[in-house]
Structure formats: structure tokens, C-alpha cells
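Visitor:
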Amino acid sequence: MSALHQVKQNLLFYSLWTDVKEVPLKEETVLSGIPKNHLLGDDEEEGNQGGVPAPIKPEFVLPIMLGEQLTPSRLSTVFEQLHSPKRLVAGVVNDDGTVVYYIVHNGIAKPKKN
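Here this note's numbering is used: the first residue of the sequence shown is 25, the next is one more, and so on.
(1) Which residues does DSSP pair with Leu55 in a beta bridge?
(2) Which residues in the same chain have their Cβ closer than 6 Å to the Cβ of Glu70, if we skip the five residues on either side of it in sequence?
(3) Would you decide whether Pro79 is buried or exposed? Buried here means 16 or more other CB atoms lie within 10 Å of its CB.
(4) Just reading off the beta strand (DSSP E) that His129 is part of, what are its end residues?
(5) May I have the straight-line CA-CA distance separating Val117 from Ser108, to the nearest angstrom?
(6) Which residues does DSSP pair with Val117 in a beta bridge?
(7) Among Pro59, Gln33, Leu55, which one has its Cα closest to the Cα of Leu106?
(8) In the DSSP assignment, find the alpha helix (DSSP H) that holds His29 and state where it starts and stops.
(9) Please look up how many angstroms separate the CB atoms of Val128 and Ala114, rounded, as I've assumed it's under 8 Å.
(10) Enumerate in chain order the residues of its own chain whose CB-to-CB distance from Asp119 is below 8 Å, with the five nearest sequence positions on each side excluded.
(11) Taking Leu94 as part of the alpha helix (DSSP H), name the residues at either end of that continuous run.
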């Protein structure tokens, strides 16, 4: 089973994301979807705006297998082809089928506030 299929199934049925779609790029396919809850690191987006929480925005997910190389060049290409989102999520599939997610920023991210 491909990393794309495994990550897509995990997002839909375990993490309960909605509107999950495949987004074909020149050399690979990423996923786009809306998380059930804000992802960690959404400090500026989680703030209440007049008592109303900010809406959850769609995220891009790059599915990869654990043994695959995720080079800066590959990440740069994906960011460019997605028209430079501020971040994307790497969905890493282990040999046993478990999926772990890492947030990858496009550049340097400022530290979280205490």
C-alpha cells in the first residue's frame, strides 16, 4: 500500500479530517484537508476574535515512507509548487503502517509564546 493511500486513510478515519483531496504536483502528490481541531503551533490562529475562535484552515500533507529521503531541495520544490504556504505537514508511514505527523515550516518559525 502506498504512503499516499495510508496517510489519506489515516487522516479520514483516525484523525477525522474532512474534505481530504489529492493534489497532484509535477513529481508527487500531496493531500489537502481540514483537520478536526487546530494543529499544534497555531498560536496566532487559535486566538479568539471577539469571543469567536478562528476557523480551522486547510492544511497540506506530504505523505512519505519512513525510509524515503526528505531533502531540503524536495521540500523547497513542494513549497514552490503549492505557491508557498507558511507550512505543510509531513505524514511519515512506518513499516507497520503507523503514521506520524511533523509540521514543516517554510523558513524559520518564530518561537512559541510562554
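Where a beta carbon is used, it is the ideal one built from N, C-alpha and C, also for glycine. Just so you know, these numbers come straight off a predicted model, no measurement behind them.
Guide: Considering the structure as presented:
(1) Position 31 of the sequence shown holds residue 55. Beta bridge pairing from DSSP links Leu55 with Glu46, Val85.
(2) To locate residue 70, count along the sequence shown from 1; it is residue 46. Residue placement at Glu70 cannot be trusted, given a pLDDT of 49 that sits under 50; what the coordinates show is reported in the next sentence. Non-local beta-carbon contacts of Glu70 in its own chain, meaning distances under 6 Å to residues more than five positions away in sequence, involve His62 in chain order.
(3) Here residue 79 refers to the residue found at position 55 when the sequence shown is read from its first residue. Per the 10 Å Cβ criterion, exposed.
(4) The residue you call residue 129 lines up with position 105 of the sequence shown. Where His129 is concerned, the enclosing beta strand (DSSP E) stretches over 123-129.
(5) Reading the sequence shown from its first residue, position 93 is the one you call residue 117. Reading the sequence shown from its first residue, position 84 is the one you call residue 108. C-alpha separation (whole angstroms): 24 Å.
(6) By 1-based counting over the sequence shown, the position of residue 117 is 93. According to the DSSP secondary-structure assignment, Val117 is paired through a beta bridge with Met89, Val123.
(7) The residue you call residue 106 lines up with position 82 of the sequence shown. With distances taken between Cα atoms, Leu106 lies closest to Leu55.
(8) Here residue 29 refers to the residue found at position 5 of the sequence shown. Counting along the chain, the alpha helix (DSSP H) containing His29 begins and ends at 27-37.
(9) On the sequence shown, position 104 is the one that residue 128 refers to. On the sequence shown, position 90 is the one that residue 114 refers to. Taking a contact as a CB-CB distance under 8 Å, the pair Val128 and Ala114 counts as one, their CB atoms being some 5 Å apart.
(10) Here the question's residue 119 lines up with position 95 in the sequence shown. The answer, listed in chain order, is Leu90.
(11) Counting from one through the sequence shown, the residue named residue 94 turns up at place 70. Counting along the chain, Leu94 falls outside any alpha helix (DSSP H), and DSSP gives it neither H nor E.
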